[in-house]
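The structure appears below as C-alpha cells.
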Amino acid sequence: DEEIERKIISMYAKGMTTGDMEAHIQDLYGLDISDSTISRITDKVLPIAKEWQMRALESVYAVVYLDAIHYHVRHEGRIVKKAVYIAIGINLDGIKDVLGLWVGENESSKFWLSVINEMKNRGVQDILIASVDGLSGFSEAISAVFPETEIQRCVIHQIRNSTRYVSYKDLKPLMADLKRVYTAANEESAFSELEKFDESWGKKYPKIAISWRKNWAELSTYFKYPDEVRKLIYTTNTIEGYNRQLRKVTKNKGVFPTDDSLFKMLYLATLDISKKWAGRRRDWGQIYSQLSIYFEERIPE
Numbered sequence: 006d007e008e009i010e011r012k013i014i015s016m017y018a019k020g021m022t023t024g025d026m027e028a029h030i031q032d033l034y035g036l037d038i039s040d041s042t043i044s045r046i047t048d049k050v051l052p053i054a055k056e057w058q059m060r061a062l063e064s065v066y067a068v069v070y071l072d073a074i075h076y077h078v079r080h081e082g083r084i085v086k087k088a089v090y091i092a093i094g095i096n097l098d099g100i101k102d103v104l105g106l107w108v109g110e111n112e113s114s115k116f117w118l119s120v121i122n123e124m125k126n127r128g129v130q131d132i133l134i135a136s137v138d139g140l141s142g143f144s145e146a147i148s149a150v151f152p153e154t155e156i157q158r159c160v161i162h163q164i165r166n167s168t169r170y171v172s173y174k175d176l177k178p179l180m181a182d183l184k185r186v187y188t189a190a191n192e193e194s195a196f197s198e199l200e201k202f203d204e205s206w207g208k209k210y211p212k213i214a215i216s217w218r219k220n221w222a223e224l225s226t227y228f229k230y231p232d233e234v235r236k237l238i239y240t241t242n243t244i245e246g247y248n249r250q251l252r253k254v255t256k257n258k259g260v261f262p263t264d265d266s267l268f269k270m271l272y273l274a275t276l277d278i279s280k281k282w283a284g285r286r287r288d289w290g291q292i293y294s295q296l297s298i299y300f301e302e303r304i305p306e
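Note that the sequence shown ends on residue 306 in my numbering; no numbers are left out.
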C-alpha cells in the first residue's frame with residue numbers, strides 16, 4: 006500500500022529506529038512489519054537518490070561550501086570510519102542547494118579532487134569562492150579543477166583548532182585579542198593585530214600565531230570584500246547547520262550496514278532538511294551587486 010510505504014520512508018528520513026517504526030505502523034494500521042520489509046521499502050529510494058546525485062548542476066556558483074562528516078559503516082565484517090563529503094552551493098540567484106553527498110574512505114585530497122571533478126562533469130564551469138574547513142590538500146584539489154576560484158578557509162575552524170590547548174583561565178582574554186584579528190577592517194590591520202597577539206601570547210602559546218601565519222593566504226581572503234560578502238564566506242556555518250541536522254537524524258544509528266544504507270538515509274534527510282530552506286537569501290541583492298563588481302568577467306550576462 007503506497008500510503009504505508011510513504012509513511013515508512015518519511016519516518017526513516019526523520020531517523021526513527023526500526024523498533025519505533027514497527028510499533029508506529031502496528032498502532033496506525035494494525036500491521037506487523039519486519040526489518041527486512043522496512044529495508045526493502047526504503048531501498049526503493051536508492052535509484053532515485055543515485056539519479057539525484059548525478060543530476061546536472063548550474064554552470065556558475067557564487068559560493069560552494071565543502072566539508073565532511075564521519076560515520077561508522079560495516080565493511081567486510083569490520084567496522085570502518087567513513088567520511089561523507091558534502092557540497093552545498095549558493096547559485097547566482099542566492100538559492101542554496103545540496104550539490105551532492107559522497108561516501109568515501111577517510112578524508113583525503115585525492116577524494117576531494119574526484120568530488121570536484123564530478124561537479125565539473127555535471128556542468129559546473131566556475132565557482133567564485135569556495136568556503137572550506139582547514140583540510141590539507143584541499144586548495145590544491147580545488148585549484149587543479151577551478152584555478153580561478155578564491156579559497157576562503159573557515160575562520161571558525163581555525164579559531165577552534167588554535168585554541169584547543171589554551172588553559173581555561175586564559176581563554177576569555179586570549180579570544181578577545183584574537184577577535185581583533187579576524188574582525189579587523191582590512192587585511193593590513195588584521196595582520197598587525199596578529200603581530201600584537203603574538204607579542205602578548207606568543208611565549209605561552211607559540212603555536213597559535215604560527216598556525217595563523219601559515220594559513221594566512223586562505224584565512225584572509227574575505228578582507229577584500231564588503232561586510233555582506235564577508236559574512237557569507239568567512240565561516241562554513243551554512244554547512245555546519247546542515248551537518249547538525251544530519252547528525253540529529255542519524256544519532257540512533259551507531260553503525261550503518263553498508264555505504265548504500267548510509268547514503269540512502271542522508272539523501273532522505275537532505276530532502277527533509279532542504280524543504281525548510283526558503284528561497285533566496287534576504288540580503289542577496291546587496292551581495293550580488295558586490296560580487297558582480299569583483300567578478301565582473303566571470304559572471305555571465
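Note that CB positions come from ideal geometry on N, CA and C, so glycine has one too.
Owing to the predicted nature of the structure, the values given are computational and were not obtained by experimental measurement.
One Cα belongs to E200, the other to M180, and the distance between them is close to 15 Å.
Taking C-beta separations shorter than 7 Å and ignoring five residues to either side along the sequence, the partners of A149 in its chain run L118, following chain order. Counting only residues of its own chain and dropping the five nearest sequence neighbours on each side, I244 has a CB closer than 7 Å to the CB of Y70, D72, I91 and I93. Counting along the chain, K86 sits inside the beta strand (DSSP E) bounded by residues R83 to N96.
W117 sits in a helix when the DSSP states are folded into three classes. For W282, the secondary structure class from DSSP, reduced to helix, strand or coil, is coil. A straight line joining the alpha-carbon of V137 with that of S15 spans about 31 Å. Short of 8 Å from the beta carbon of K269, and not among the five residues preceding or following it, lie these beta carbons of its own chain, in chain order: T47, D48, V50, L51 and A54.
Contact annotation: D40 and T23 have beta-carbon atoms nearer than 7 Å.
Where A190 is concerned, there is no enclosing beta strand (DSSP E), because DSSP gives it neither an H nor an E. In this structure, DSSP gives L106 an extended state, which the three-state scheme calls strand. The shortest CA-to-CA distance from Y170 to any of D264, E8, K256 and W206 is the one to W206. By the CB criterion at 7 Å, Y239 and V160 fall inside the cutoff. The C-beta distance from S64 to V129 rounds to 7 Å, short enough to meet the 8 Å contact threshold. Burial of D203 is indicated by the presence of at least 16 other C-beta atoms within 10 angstroms of its C-beta.
Non-local beta-carbon contacts of A274 in its own chain, meaning distances under 6 Å to residues more than five positions away in sequence, involve A18, L251 and V254 in chain order.
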